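Protein sequence lines, in the order shown, are assigned to chains S and H. For the first sequence, the positions run 2 to 252 when our numbering is used. For the second sequence, the positions run 38 to 165 when our numbering is used.
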Amino acid sequence: MSESGREIEIEVLRYHPERDKEPRYQTYLVPFAHDTSVLQGLQYIKDHLDGTLTFRWSCRMAICGSCGKMVNGEPKLSCHTFLRDYHPGKLRVEPLWHFPIVRDLAVDQSDFLQKLEAIKPYIIRDEEKPVSEGVYRQTPAQLARYQQFSQCINCLLCYAACPQYGLNSDFQGPGIMALLHRYNSDSRDQGKAERMPIVNAEEGVWSCTLVGYCSEVCPKHVDPAAAVNRNKVNSTMDYFLRFLSPRGANS
Amino acid sequence: MSARNTYVRPMRGWYRRNPRFMAYLLREGTSVFVALYALLLVWGLTALAGGAASYERWLAFLASPVSVLLHLVILAAAVYHTITWFQVAPKATPPLVLGTKSLPDSAIIGGGYAAAVVVSLVILVIAW
């Protein structure tokens, strides 16, 4: 790992829920090579310098969405961010902004998980057809309507980029709205009417002021800001179309 | 929520944490100047309704150095507002699908810029 002989200072936020009243920072000197990620830097600290450092990770290849951290004030997947890009400076690693800290770099995601459950992130059918009738077919154009939004890996970087969520965590937030939009835009889904009350609420799309940073930090190019703001149009239509049809825009 | 003894970080001074947040506040802040200009025009209309003398007073104000300076500031704010407005426009535009490909964001932004320039030129020619 240290064949290049280079070292970098990593300043890590530490918080012990039973001993600390508030977080503090601790600096470690970590050797690194050209391909050492920030996550590997943290793993080096845990393995060789300080076994008490707590952080989440799993796949190491930017697909599981577990290892999001603030790296020098920017939300990043730590497996997808490299120490070489910060050398010869130092880097500061903090837990994702806007979430309560459980310990060190691990945040409490329960708020997101509860919201995720509430939007029913699965295909809803009025009536399921039996397996014998085959699969639900889709054209490439129908797939294109939601495909980008289906790339979300629930990494929460967009929430760390959203000051509106930080100021009021009742806001559904960018990731949830992107996932909701993914199912509402799916030609196989018939659950839009069940999800629209979440979109229409003040804490739905209307708490968004289009800061737009969520889409910039998304490692999967989901563009959650587009999902939220296109649903402002959908929400407005949903409101006005009710005057034309008793079942609203969902009929 | 869980019963864990979590630490919630304060949001005080959040806009200073990232230059992106400052740019956002600046974008939103320019709308104040756009509103200010609208008020200036409303004042002009009421002055017109109030007769020749009051209209002349309004015109005299427009020609004053304070007004010229104010107009330059408002123009700068309006230009910044226009640019940033069209930069975020693709986020709110429903996907325009041509064949199987969506119209790229750059086309929506570029189209907005072009429309703003053309409309500005037309107004300039009419007002000249």
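The beta carbon of each residue, even a glycine, is placed where N, CA and C say it ideally should be. On a predicted model such as this, the values are computed, not experimentally measured, just so you know.
Counting C-beta neighbours from all protein chains within 10 Å, is the total for residue i 16 or more, i.e. buried, or is it exposed?
i, result
"residue 169 of chain S", "exposed"
"residue 159 of chain H", "exposed"
"residue 173 of chain S", "buried"
"residue 252 of chain S", "Summary for residue 252 of chain S: the model assigns pLDDT 41, below 50, so the residue's position carries little reliability; its value from the coordinates is reported in the next sentence. Exposed, by the Cβ-count rule."
"residue 259 of chain S", "Because chain S spans 2 through 252 in this model, residue 259 of chain S falls outside it and cannot be assessed."
"residue 101 of chain H", "exposed"
"residue 22 of chain S", "exposed"
"residue 119 of chain S", "exposed"
"residue 38 of chain S", "buried"
"residue 79 of chain H", "exposed"
"residue 135 of chain S", "exposed"
"residue 165 of chain H", "exposed"
"residue 67 of chain S", "buried"
"residue 182 of chain S", "buried"
For residue i, tell me which candidate among the options has the shortest Cα-Cα distance.
i, options, result
"residue 90 of chain S", "S:80, S:73, S:77 and S:104", "S:73"
"residue 213 of chain S", "H:163, H:149 and H:129", "H:129"
"residue 75 of chain S", "S:20, S:130 and S:158", "S:158"
"residue 210 of chain S", "S:94, S:233 and S:20", "S:233"
"residue 33 of chain S", "S:63, S:82 and S:14", "S:82"
"residue 95 of chain H", "H:109, H:82 and H:60", "H:82"
"residue 41 of chain H", "S:225, S:103 and S:149", "S:103"
"residue 47 of chain S", "S:11, S:240, S:111 and S:138", "S:11"
"residue 150 of chain H", "H:132, H:164 and H:119", "H:119"
"residue 235 of chain S", "S:217, S:200 and S:208", "S:200"
"residue 77 of chain H", "H:117, H:146, H:66 and H:98", "H:98"
"residue 165 of chain S", "S:215, S:93, S:126 and S:189", "S:215"
"residue 28 of chain S", "S:185, S:8 and S:150", "S:8"
Tell me residue i's beta-bridge partners as DSSP assigns them.
i, result
"residue 107 of chain S", "S:104"
"residue 70 of chain S", "S:77"
"residue 225 of chain S", "Note: residue 225 of chain S sits in no beta bridge, so no partner."
"residue 32 of chain S", "S:8"
"residue 61 of chain S", "Paired residues: none, contrary to the question."
I need the DSSP call for residue i, collapsed to helix, strand or coil.
i, result
"residue 98 of chain H", "helix"
"residue 16 of chain S", "coil"
"residue 65 of chain H", "helix"
"residue 44 of chain H", "strand"
"residue 9 of chain S", "strand"
"residue 123 of chain S", "coil"
"residue 38 of chain H", "In this predicted model, residue 38 of chain H has a pLDDT of only 49, less than 50, meaning its place in the structure is not dependable; the value taken from the coordinates is given anyway. Here residue 38 of chain H sits in coil by DSSP."
"residue 87 of chain S", "coil"
"residue 146 of chain S", "coil"
"residue 57 of chain H", "helix"
"residue 134 of chain H", "strand"
"residue 137 of chain S", "coil"
"residue 95 of chain S", "strand"
"residue 38 of chain S", "strand"
"residue 251 of chain S", "Note that residue 251 of chain S scores 48 on pLDDT, short of 50, meaning its location in the model is unreliable; the coordinates nonetheless yield the value given after this. Here residue 251 of chain S sits in helix by DSSP."
"residue 165 of chain S", "helix"
On the premise that residue j lies in contact with residue i, defined as a C-beta separation below 8 Å, what is that separation, rounded to the nearest angstrom?
i, j, result
"residue 40 of chain S", "residue 80 of chain S", "4 Å"
"residue 228 of chain S", "residue 134 of chain H", "About 16 Å separates the two Cβ atoms, so there is no contact after all."
"residue 176 of chain S", "residue 51 of chain H", "Their Cβ separation, rounded to whole angstroms, is 19 Å, which puts residue 176 of chain S and residue 51 of chain H out of contact at 8 Å."
"residue 153 of chain S", "residue 221 of chain S", "6 Å"
"residue 70 of chain H", "residue 114 of chain H", "4 Å"
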